[in-house]
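Residues 27 to 195 (my numbering) are what the sequence shown spells out, left to right. Beta carbons are placed, not taken as given, at the ideal position from N, Cα and C, and that holds for glycine.
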Amino acid sequence: MTRTALLSRYDAVLDVLDRIASLIVKVTMAVLTSVLLLQVFFRYVMNDSLTWGWDVPRVCFIWAIMFSIPLGIRYNAHVGIDLVVERFSARVRRLTLSLNAVLIMILSGIIAYYSVLLMGETWDQNMPGIPLSVGVFYASLALGLIHTCLHIGRILITGELRNEHWSET
Numbered sequence: 027m028t029r030t031a032l033l034s035r036y037d038a039v040l041d042v043l044d045r046i047a048s049l050i051v052k053v054t055m056a057v058l059t060s061v062l063l064l065q066v067f068f069r070y071v072m073n074d075s076l077t078w079g080w081d082v083p084r085v086c087f088i089w090a091i092m093f094s095i096p097l098g099i100r101y102n103a104h105v106g107i108d109l110v111v112e113r114f115s116a117r118v119r120r121l122t123l124s125l126n127a128v129l130i131m132i133l134s135g136i137i138a139y140y141s142v143l144l145m146g147e148t149w150d151q152n153m154p155g156i157p158l159s160v161g162v163f164y165a166s167l168a169l170g171l172i173h174t175c176l177h178i179g180r181i182l183i184t185g186e187l188r189n190e191h192w193s194e195t
């Protein structure tokens, strides 16, 4: 199999993972917004509070953030200061991109590894407001950062960022 064919398959896998991540982000943000609005209604109109009104948005927020990171890498949407880098030659820019990618991959890998360990240690503990394991927080870290490493791996393989823009499709 040629390098181009392998890269096409790798991109196809990333596309599927990105669609799943995008769906997770959309659903968790919708749930987060709905629960926060419901919590405000209950607190200020009904003079009561939802017992799960803090835990559900917190879980949704963490999952949305962790699955937004790889999507941001795919579309090169993360905030960066490239004032200096843009003045470099093309070769130095590629080296800078590769160094940045290696550092991100190392950090993401370390955090994902320890997230898996913490997930195992906390899986039997439930959150105070909902019957959901505390390990769910660490699962989002591990899954989101493994997905991030896959995108960073593509950058290291090709030596370039994808040149595409975000769309709803």
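- Sequence-distant partners of W80 (beyond 5 residues in either direction) whose C-beta falls short of 7 Å from its own C-beta, in its chain, are G155.
- DSSP, read as helix, strand or coil, puts N102 in coil.
- The C-beta separation of M145 from G170 comes to about 13 Å, leaving the pair out of contact by the 8 Å criterion.
- Your pair L125 and S48 does not check out as a contact, with CB atoms roughly 29 Å apart and the cut at 8 Å.
- The alpha helix (DSSP H) runs of length 4 or more contained entirely in the stretch 119-185 are, from start to end of the chain, 161-184.
- In this structure, the CA atom of L109 is about 13 Å from the CA atom of T122.
- A direct Cα-Cα distance of roughly 19 Å separates A165 from R45.
- By the C-beta criterion, the stretch 131-138 is judged to be in contact with the stretch 170-179, since at least 3 inter-stretch pairs fall below 8 Å.
- Within the stretch 72-100, not a single complete beta strand (DSSP E) segment reaches 3 residues in length.
- For D108, the three-state secondary structure derived from DSSP is coil.
- When secondary structure is reduced to three states using DSSP, L32 falls in the helix class.
- Between the alpha carbons of R120 and R180 lies a distance of about 14 Å.
- For the pair of segments examined, the stretch 50-60 was found not to touch the stretch 27-38: the number of CB pairs separated by less than 8 Å stays below three.
- Assigned with DSSP and collapsed to three states, F114 falls in coil, not helix or strand.
- Closest in C-alpha terms to H104, from the list S115, F114, I91 and A116, comes I91.
- Contact annotation, L182 with A127: C-beta distance approximately 5 Å; criterion of less than 8 Å satisfied.
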